[in-house]
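Protein chains in written order, with the numbering used here: chain A, 152 to 419; chain B, 152 to 419; chain C, 152 to 419; chain D, 152 to 419; chain E, 152 to 419.
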Amino acid sequence: MDIATIIGVIFGLFCIIWSILLGGSILTFWDLPSVVVVVGGGIAASLISYKLAEVKLIMKVVVKVFIGKESSPIDTIKQMIELSQKARRDGLLSLEAEQENIKDEFLKESLQLVVDGVEPEIIVESMDLEIENMKARHDKGTGLFKTMAAQFPAWGMIGTLIGLIQLLKSLDDPSKIGPAMAVALITTFYGSVLANFICNPIANKLSLKSKEEIREKRMVIEGVLSIQAGENPKILEHKLKTFLSPKQKHEYENTLTDGSEKQDGRNG
Amino acid sequence: MDIATIIGVIFGLFCIIWSILLGGSILTFWDLPSVVVVVGGGIAASLISYKLAEVKLIMKVVVKVFIGKESSPIDTIKQMIELSQKARRDGLLSLEAEQENIKDEFLKESLQLVVDGVEPEIIVESMDLEIENMKARHDKGTGLFKTMAAQFPAWGMIGTLIGLIQLLKSLDDPSKIGPAMAVALITTFYGSVLANFICNPIANKLSLKSKEEIREKRMVIEGVLSIQAGENPKILEHKLKTFLSPKQKHEYENTLTDGSEKQDGRNG
Amino acid sequence: MDIATIIGVIFGLFCIIWSILLGGSILTFWDLPSVVVVVGGGIAASLISYKLAEVKLIMKVVVKVFIGKESSPIDTIKQMIELSQKARRDGLLSLEAEQENIKDEFLKESLQLVVDGVEPEIIVESMDLEIENMKARHDKGTGLFKTMAAQFPAWGMIGTLIGLIQLLKSLDDPSKIGPAMAVALITTFYGSVLANFICNPIANKLSLKSKEEIREKRMVIEGVLSIQAGENPKILEHKLKTFLSPKQKHEYENTLTDGSEKQDGRNG
Amino acid sequence: MDIATIIGVIFGLFCIIWSILLGGSILTFWDLPSVVVVVGGGIAASLISYKLAEVKLIMKVVVKVFIGKESSPIDTIKQMIELSQKARRDGLLSLEAEQENIKDEFLKESLQLVVDGVEPEIIVESMDLEIENMKARHDKGTGLFKTMAAQFPAWGMIGTLIGLIQLLKSLDDPSKIGPAMAVALITTFYGSVLANFICNPIANKLSLKSKEEIREKRMVIEGVLSIQAGENPKILEHKLKTFLSPKQKHEYENTLTDGSEKQDGRNG
Amino acid sequence: MDIATIIGVIFGLFCIIWSILLGGSILTFWDLPSVVVVVGGGIAASLISYKLAEVKLIMKVVVKVFIGKESSPIDTIKQMIELSQKARRDGLLSLEAEQENIKDEFLKESLQLVVDGVEPEIIVESMDLEIENMKARHDKGTGLFKTMAAQFPAWGMIGTLIGLIQLLKSLDDPSKIGPAMAVALITTFYGSVLANFICNPIANKLSLKSKEEIREKRMVIEGVLSIQAGENPKILEHKLKTFLSPKQKHEYENTLTDGSEKQDGRNG
């Protein structure tokens, strides 16, 4: 789990709670019916569009995205360069033996196709299809949270309208107007916090993560095709390095000394 | 009908009604003129853009989407693999006899073209045209509900403005201001509920369903072209499996034992 | 003129007027300065972006879209199949004699190019250009009404601000506050009605109509190219039918019995 | 300068001023600090994103768009048809002599490439690049005014918030609340007028003008390639006419009688 | 650092502070809890979506964009024309010696590939990949500031809701309502200023800068390919000049006299 996410969650909660406590009790902001209208209404409206199985799947993806460990494009690049060198020296079939050392499922699968002698066009087509379909599943997840980020404030407003209409219908006791209005506004508060502190950040995170995963998979495709074509490992390295950010490039250069030793040892 | 949709509808209604009952009678929220302005105005404005025949057609599509039974990509994949094996063994013409076992209309139609000896380019072109035109019809449906989701809150505001203007014109009796304002706000309430609980979820559902149907049809095209090209059923299976979600892939693996037996029986 | 449009206009007007009459006189909602600010301001701001000749042209297009009679893709399909049969039997040059029976200007023009022996690539290019340029003109019309749909509420708010500022400057007589505020709100009411009841529906209608016309023109291009290539009329029929909605397909099948008779008579 | 722009500006100013004068003095709406916050803040925030040289350049483009005279696609078409006839009769090199009669810089430049014997692919590539880069510059201008159209209302709200906060801090004298609130609202009024009467129309106009210019340049490319390929002037005319609106087509047909005479005279 | 940015920042601050001082003390607008809710909440919600390493990287990019010196496309064009002339005279390998005079890293890298004899398709592919990946990194930066520009006003509203709810809960002392409401509104003020004065301008600037850099890199690719193909330097110049704005073209022509002398000297 990324440290920024943890900091963000804790810091955000602190900001809300501290600023509430400055002005009074936090109990002022607890109102069960308001929770039911906003959370219930928002989730209900989202459920109408999504299948239950999909919602479960999306929740798993969210957990994985926030808790799962980071993938390392640097390791993948180094491994592909090693594989490229091995393939040029010992032929493509020699890659079969290397398969068990590969952790990246996607790389493993594409190399299997190379070893099986499938033509490059079909490998690209098949792998592109896999990326495209993965993207479609990710987009569904992002879409669910974007839908909820739009639904919660809308149900916050619906709750506030319910409160206001009931308040205005019976203005007998002026001293009750203030507290009733406060309660009516609580749903709007819930809607805003849920949308801006929970749903929008999750949707953003999913979308960024998805782009990153797609880029890494595209990098693997580039690498596998280059290995299959028997391209020079230097060209391969140049191509793959463009996928790294400047910082990652720097990191990559640093690990290269150890990397090349380990590589020599492994290939020797 | 998907269970999540039913849960969503019932839960959403419960949330609104319960939170209203907590604060007073539900009759406070019934006002016929408000219904007429919001529902009538919203539908009227939508009717100006769409033809009556289209609106009827879209309503049928909505009913079908919410009540129709789910299609199963897994069955389609298994059937296409069987067909592929049969075609490699007995020739493409042997597929003609299999046609009556095929339920998917789109698959049937494309296979007929294969049996008729039409070239692959023309099959792709003709099938792509069919998908594209289906998408255009679906987009019209999504568009109608998105239009209504924008129109209802707008007419809610128009209704509230009518109420406010009339209220402000004659401020004789201060005790009537509250209730009159409550009535004026009811149209805004109607507009928000109609947009967020009815129209937006339906538009979302139609759009998701449309994407799913397109993906399944694309899968069929991939499969049919592979069958026509006489590709290895293993490659075909690999390609088609990329269209499945991880969960569906798992399901597919599970059904494979029974499936392969059934398949053996059928092909034997 | 489509029946749904007429129903929409009448029903929408009824909803607004009825709900106003329930609460008071309709004269409460008439205020000439408010009309001037909202309608005048909105039109003035739109005129700055569009040329006068364009505005006139767009108005003509709008009238044509709402009053002009519907085109029939079914007739066009049947005619193209007849032409295809004739061309296969008597050669492409025989189509010259058929030209006078063709009502669709676009089909006529493309067939003339076929008869003139122009190569298919140049026909496609020239016809695509025509569609593209037609689309650009349509988009201008849609754009004008979208611009106005954004301008009218903005000028409604400007009018309300003018009223509020003047009201707040001189709060001498509290009994005048209400009516003055009512008048200030009337501009917002005008802006909302103009945007949601007039401009947005027209923009939607233009956009839908434009897509439909483009699809029909694309259908004609597909048909003409198929005729020129001497493709089997069965394949042609299959291709063209994909452009029809399920309902139109059904209608097409129904008219086929009469159609084929008429066709026989004409071709015999 | 297009007559519609002048009418729009005058009519818009009249609408605002007349409706203000109906309710009181126009001096009520003048408040220097409000001007400073809205205009100053909006321009300051826009300056942070754009370079000073760019802003100057954009201002020049705006002046040119509003004051510069209209280009005439009809004249360009007629000239290209003449050039096509001349090129077919006397060879491509004969176009060199015609260059001084050509006013359109873009046409001149492309013809020079034709005369220089550059291959069609390189001409298309080079001219497409020129269009693309021109579009990028235009988009920057449209972007600046869209940015300001979003900034002005935002600063209007900031100004109103400043006024409201100061007003609420010291509620000593109730008689001053009204006028203070009026002044606070003036910034919102300024922001709305600047965005909707100035910036949005200019952004629209620039965007429409840019599309028009691109279309005319595309027409020139089509024409020049056709001339280079030695295509029949009839086909060329057909292609170029698709770029005209129906009204321009009609105009073109009308001017043709004189045009053909002039053309005969020039070519004879 | 561009002069317009400095002017914008100073002028914007002046506008806000001056208009506040006109109405009272600037201390009225300082409230620590409000700062915590808006700034803290907005940053917290943004941190959940972005990794800490990315945030650091983006901050570096922002500093570089605002303080780094402008690149000069004119110098790059002149250098590429020189290189083109040298390559035609002395062969592609002679470019190796020129490498140390080249400051642009991207140009250096692509020329190295040319000297290494890599085929043009692979150079384009590899360089396009680099541009694409650079664009992805820039988009992340723009995305972070767009996210914050949406988060700050949302947290401003959350802060105001907290204040309002607490205020309404205990309406004992009417004289405190005003100041409490003023404090509640301060968070909205903070949110608006942060979004419109800080985040939106930075996001705009990053996005414009990114487009500019991409265009310059595309120009380098065009130039390098032209050099590799041994195209006429005149054609190369024509192509590259289309990347310049009219003003830059003018500047380019002006510097050409000195340029050609310097060029002669260097090449002689």
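For glycine and all other residues, C-beta sits at the position ideal for the given N, C-alpha and C. Because the structure is a prediction, the values reported are computed rather than measured.
- Taken in chain order, the unbroken stretches of alpha helix (DSSP H) that lie wholly in the region 199-275 of chain B and span 4 residues or more are 203-218, 224-241, 246-249 and 256-266.
- Note on the region 316-381 of chain D: whole alpha helix (DSSP H) runs with a minimum of 4 residues are 328-344 and 351-379, in chain order.
- The continuous stretches of alpha helix (DSSP H) do not include Trp181 (chain A), and DSSP gives it neither H nor E.
- Neighbours of Ala333 (chain A) in chain E, taken as residues at a C-beta separation under 7 angstroms, are given in chain order as Ile316, Leu319 and Lys320.
- Three or more pairs of CB atoms, one per stretch, sit closer than 8 angstroms, so the region 367-381 of chain E contacts the region 235-246 of chain E.
- Taking a contact as a CB-CB distance under 8 angstroms, the pair Pro184 (chain A) and Leu208 (chain B) does not count as one, their CB atoms being some 41 angstroms apart.
- If you compare the alpha carbons of E:Gln399, E:Trp306 and E:Glu388 with that of Leu164 (chain A), the shortest gap goes to E:Trp306.
- Along the region 393-408 of chain D, the positions whose C-beta sits under 7 angstroms from a C-beta of chain C are Thr393, Phe394, Ser396 and Lys398, read in chain order.
- For Thr227 (chain D), not one C-beta of chain C is nearer than 9 angstroms to its own C-beta.
- The way I'd put it, the region 311-321 of chain A does touch the region 334-344 of chain B; three or more beta-carbon pairs between them come closer than 8 angstroms.
- The beta carbon of Val160 (chain C) sits no closer than 9 angstroms to any beta carbon of chain D.
- Among the residues of chain C, those whose CB is under 7 angstroms from the CB of Ile199 (chain B) are Thr156, Gly159, Val160, Pro352 and Lys356, following chain order.
- Rounded to whole angstroms, the Cβ separation of Leu203 (chain C) and Asp324 (chain D) is 53 angstroms, and the two are not in contact under 8 angstroms.
- Taking a cut-off of 8 angstroms for Cβ pairs, the region 282-301 of chain E and the region 284-292 of chain A do not touch, as fewer than three such pairs fall below it.
- The beta carbon of Ser222 (chain A) does not come within 9 angstroms of any beta carbon belonging to chain E, so the residue lies off that interface.
- DSSP places Val160 (chain A) inside the alpha helix (DSSP H), whose first and last residues are Ile154 to Gly174.
- Under the three-state reduction of DSSP output, Asn405 (chain E) falls in the helix class.
- For the 9 angstroms CB-CB criterion, Ile309 (chain C) and Phe340 (chain D) form a contact.
- Non-local C-beta neighbours of Val212 (chain B) in its own chain, meaning closer than 6 angstroms and more than five positions away in sequence, comprise Gly292, ordered along the chain.
- When C-alpha distances from Lys215 (chain C) are compared across C:Lys360, C:Glu373, C:Met231 and C:Lys400, the shortest belongs to C:Lys360.
- Under the three-state reduction of DSSP output, Thr311 (chain C) falls in the helix class.
- Within the same chain, Cβ atoms closer than 6 angstroms to the Cβ of Leu345 (chain C) are found at Phe303, the five residues on either side in sequence being excluded.
- Against chain B, the CB of Ile313 (chain C) has no partner CB under 9 angstroms away; the residue lies outside that interface.
- In this structure, Cys166 (chain D) and Val187 (chain C) form a Cβ contact; the two beta carbons are roughly 5 angstroms apart against a cut-off of 8 angstroms.
- If you compare the alpha carbons of D:Gln263, D:Thr311 and D:Ser396 with that of Lys385 (chain E), the shortest gap goes to D:Gln263.
- Chain-ordered, the chain D residues with CB closer than 7 angstroms to the CB of Lys390 (chain E) read Ser277 and Leu280.
- Each of C:Ile218, C:Asn351, C:Tyr403 and C:Val371 was checked against the Cα of Thr298 (chain B), and the nearest Cα belongs to C:Asn351.
- Residues of the region 291-309 of chain A with a C-beta atom less than 9 angstroms from some C-beta of chain B are Lys291, Gly294, Thr298, Ala301, Gln302, Ala305, Trp306, Met308 and Ile309, listed in chain order.
- Annotation for Leu391 (chain A): Ile228, Met231, Ile232, Met370, Glu373 and Gly374 place their beta carbon closer than 8 angstroms to its own, counting only its chain and skipping 5 residues before and after.
- By the 16-neighbour rule on beta-carbons within 10 angstroms, Asn252 (chain D) is exposed.
- Taken atom to atom, the span from the alpha-carbon of Val269 (chain D) to that of Asp255 (chain D) is near 20 angstroms.
- In the structure shown, Leu391 (chain B) adopts helical secondary structure according to DSSP, grouped into three states.
- Non-local C-beta neighbours of Lys259 (chain E) in its own chain, meaning closer than 8 angstroms and more than five positions away in sequence, comprise Gln250 and Ile253, ordered along the chain.
- Residues of chain B with a Cβ closer than 7 angstroms to the Cβ of Ser170 (chain C) are, in chain order, Pro184, Val187, Val188, Gly310 and Ile313.
- Residues of chain D with a Cβ closer than 8 angstroms to the Cβ of Phe180 (chain E) are, in chain order, Ile313 and Ile316.
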